[in-house]
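Accompanying notes for the structure given below.
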Amino acid sequence: MRRAPLDPEALDVTDRAILNRLQEGFPICPAPFATAGAALGLTGEEVIARIARLRDIGAITRFGPFMDAEAMGGAFCLCAMEVPEDRFETVAAQVNAHPEIAHNYARDHRLNMWFVLACETPAAIARIARRIEGETGLNVLRFPKVREFFIGFRVAL
Amino acid sequence: MNGRPVPQLDPTDRRILTAMQAGLPLVPEPYAEVAAWLGLAEAEVIARVSALQSRGVIRRIALAPNHYALGMLANGMSVWDVSDAEAETLGAAVGALDFVSHCYLRPRARPVWPYNLFAMIHGPDRATVEAHRAEIAALLGRACAASDILYSTRILKKTGLRLKQTGD
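In order, the protein sequences belong to chains D and B. This note's numbering puts the first residue of the first sequence at 102, with every later residue one more than the last. This note's numbering puts the first residue of the second sequence at 15, with every later residue one more than the last.
This is the structure in structure tokens:
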């Protein structure tokens with residue numbers, strides 16, 4: 102994934118309008134690019150060409166369905182640990198060794214390790230968390246999602 | 015965890031989702047293209063994708079911006095202790111801010127963790143992220159008892175979420 106910022110000139114007003122509008126949703130109909138383009142004053146072919154270019158220059162990471170991981174049959178939970186600094190690397194290795202760890206970040210807080218557990222079932226979340234507690238002797242705080250507010254973020258036009 | 019029933023996906027739903035997982039094809043009739051890959055009728059793919067979206071299995075079909083490429087080089091996980099009575103309303107308001115990409119209510123873990131509202135803030139630099147954090151604080155006002163912001167210092171592990179290929 103591209104980490105460097107694009108030249109601000111790389112995106113024109115139409116690109117920015119596409120970036121904002123198509124974060125919110127895309128039609129499910131036979132010719133959806135034409136339908137989406139109509140609201141932007143573009144043909145379907147123009148929308149396709151612009152999305153392809155946005156992808157090629159790295160302005161977007163993907164274009165497609167965003168699935169609700171839990172609706173797909175899995176269970177997910179944000180977890181945090183307070184890890185003594187002198188054990189940090191050892192504990193990171195112990196935690197990361199579990200294939201259920203989807204990602205793990207060091208953060209600048211007393212709770213200094215934050216990771217997401219991705220399991221087949223809710224019961225497995227509790228089981229893996231307890232296993233990590235047993236292996237490390239440290240508490241694994243669990244912060245399951247209670248409510249999600251999605252809006253995405255906007256680029257200035 | 016939340017007791018919500020998990021909707022069942024039949025094998026055809028799963029094949030469609032697997033085919034679309036890498037991205038929607040950039041052709042004028044993308045659902046017809048997916049249908050052709052799978053030997054299905056376009057109308058069936060459109061009907062099933064619509065139903066999957068209505069059921070919430072597909073949250074939306076959309077593009078994902080690359081925050082870094084768009085100049086959003088700094089991000090912080092802001093966390094807030096918001097009164098439970100107002101958490102739903104205020105969470106929606108915070109989630110609607112342009113610079114917030116993800117916003118969740120989560121349980122507190124007192125005493126170490128009094129915060130129940132999590133909002134990921136993006137900006138071109140840390141000073142802008144802090145200014146955005148002040149905007150959220152102003153929006154929450156007296157409904158918020160405490161707050162903090164956590165910056166990531168290192169990625170320890172990152173793997174993408176992938177749908178299993180198997181039929182069940």
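C-beta atoms are modelled at their ideal positions from N, C-alpha and C, and glycine is treated no differently. Everything numeric in this text was worked out from a predicted model, so none of it was measured.
Output the distance between the C-alpha atoms of residue i and residue j, rounded to the nearest integer angstrom.
i	j	result
T222/D	S161/B	32 Å
R231/D	R243/D	11 Å
G181/B	A152/B	Residue placement at G181/B is flagged as unreliable, the pLDDT there being 39, under the threshold of 50; a coordinate-derived value is accordingly withheld.
I150/B	C158/B	10 Å
M91/B	L164/B	5 Å
C117/B	D139/B	20 Å
E125/D	T26/B	26 Å
M34/B	Y206/D	29 Å
A99/B	L154/B	13 Å
L31/B	R156/B	44 Å
L143/D	E201/D	44 Å
L239/D	F189/D	12 Å
P19/B	D108/D	Residue confidence is low: P19/B scores 48 on pLDDT, short of 50, so the model does not pin down where it sits. No coordinate-derived value is stated.
N121/D	A135/D	17 Å
V71/B	G85/B	31 Å
R168/B	I135/B	17 Å
G17/B	A224/D	With a pLDDT of 41 at G17/B, under the threshold of 50, the predicted position of this residue should be treated as unreliable, though the coordinate-derived value follows. Approximately 11 Å between the Cα atoms of the pair.
L179/D	V217/D	4 Å
R93/B	A105/D	With the sequence shown as reference, residue 93/B is identified as Val, and Arg is not the correct amino acid for it. If I take the Cα positions, the gap works out to 27 Å.
A101/B	E110/D	40 Å
P125/B	D112/B	32 Å
V241/D	A46/B	47 Å
F127/D	V63/B	12 Å
R69/B	M173/D	11 Å
L123/D	T103/B	25 Å
G145/D	M102/D	27 Å
A148/B	G137/B	13 Å
H12/B	A50/B	It is not possible to answer for residue 12/B, since the shown part of chain B is limited to 15 through 182.
Do residue i and residue j have their C-beta atoms within less than 8 Å of each other?
i	j	result
F151/D	I119/D	One detail in the question is off: residue 151/D reads as Arg in this sequence, not Phe. The answer is yes: Cβ separation under 8 Å.
P133/D	P121/B	no
V114/B	A141/B	no
R211/D	E183/D	yes
I161/D	N80/B	yes
T173/B	H204/D	yes
G37/B	G138/D	no
P42/B	V48/B	no
A183/B	G159/D	Given that chain B is displayed from residue 15 to residue 182, the structure contains no residue 183/B and the question cannot be resolved.
G193/D	L170/B	Inspection of the sequence shows that residue 193/D is occupied by Ala rather than by Gly. Their beta carbons are under 8 Å apart, which means A193/D touches L170/B by this criterion.
A78/B	R163/D	yes
G105/B	L87/B	no
E236/D	Q195/D	yes
I129/D	Q67/B	yes
R29/B	L52/B	yes
P131/D	E58/B	no
R74/B	F177/D	no
Kindly identify the DSSP beta-bridge partner or partners of residue i.
i	result
H116/B	M134/B
E183/D	None; E183/D has no bridge partner.
M91/B	M134/B and L164/B
V217/D	L179/D and H204/D
K172/B	H204/D
P166/D	I75/B
R248/D	L119/B
R29/B	Paired residue(s): none; R29/B is not in a bridge.
L242/D	A181/D
V186/B	Given a span of 15 to 182 for chain B in the structure shown, any question on residue 186/B remains unanswerable.
I161/D	P79/B
W127/B	A123/B
Give the single residue among the options whose Cα lies nearest to the Cα of residue i.
i	options	result
D187/D	R122/D, N213/D, A111/D and R103/D	N213/D
D95/B	P128/B, I135/B and L23/B	P128/B
L141/D	V114/D, P109/D, P245/D and F189/D	V114/D
S166/B	G235/D, A181/D and T136/D	A181/D
R248/D	G109/B, E56/B and E144/B	G109/B
Q22/B	A65/B, L131/B, A145/B and R168/B	A65/B
S97/B	A123/B, N130/B and A107/B	N130/B
K246/D	D209/D, P185/D and A170/D	A170/D
N89/B	D24/B, V143/B and A148/B	V143/B
F250/D	I60/B, D24/B, A107/B and L54/B	A107/B
D209/D	P185/D, E147/D and T191/D	P185/D
(Q) So if I threshold CB-CB distances at 8 Å, which residues from the region 116-128 of chain B count as touching chain D? (A) Against chain D - using a Cβ distance shorter than 8 Å - the residues of the region 116-128 of chain B are H116, C117, Y118, L119, R120, P121, A123, V126 and W127.
Q. Quick one, which residues of the region 187-202 of chain D are near chain B if we go by CB-CB under 7 Å, in chain order?
A. Of all residues in the region 187-202 of chain D, only A193, N197 and I202 place a beta-carbon less than 7 Å from a beta-carbon of chain B.
Q) In chain order, what residues of the region 75-89 of chain B put their CB closer than 8 Å to some CB of chain D? A) I75, A76, L77, A78, P79, N80, H81, Y82, A83, L84, G85, M86 and L87
Q. Along the region 43-64 of chain B, what residues have a CB closer than 8 Å to any CB found in chain D?
A. E43, P44, Y45, A46, E56, I60, V63 and S64
Q: Give the residues from the region 21-44 of chain B that approach chain D closer than 8 Å (Cβ to any Cβ), ordered along the chain.
A: Listed in sequence order: P21, L23, L31, M34, Q35, A36, G37, L38, L40, V41, P42, E43 and P44.
Q | Under 7 Å (Cβ pairs) to chain D, residues found in the region 133-146 of chain B | A | H136
Q. Got a sec: which bits of the region 159-182 of chain D sit with their beta carbon under 8 Å from any beta carbon on chain B, in order along the chain?
A. G159, A160, I161, T162, R163, F164, G165, P166, F167, M168, D169, A170, E171, A172, M173, G174, A176, C178, L179 and A181
Q.
Along the region 124-135 of chain D, where does the CB come closer than 9 Å to a CB of chain B? Name the residues.
A. Listed by position along the chain: Q124, E125, G126, F127, P128, I129, C130, P131, A132, P133, F134 and A135.
Q. The region 241-253 of chain D: which residues have C-beta closer than 9 Å to a C-beta of chain B, in chain order?
A. L242, R243, F244, P245, K246, V247, R248, E249, F250, F251, I252 and G253
(Q) Which residues of the region 153-170 of chain B have a Cβ closer than 8 Å to any Cβ of chain D? Give them in chain order. (A) D162, L164, Y165, S166, T167, R168, I169 and L170
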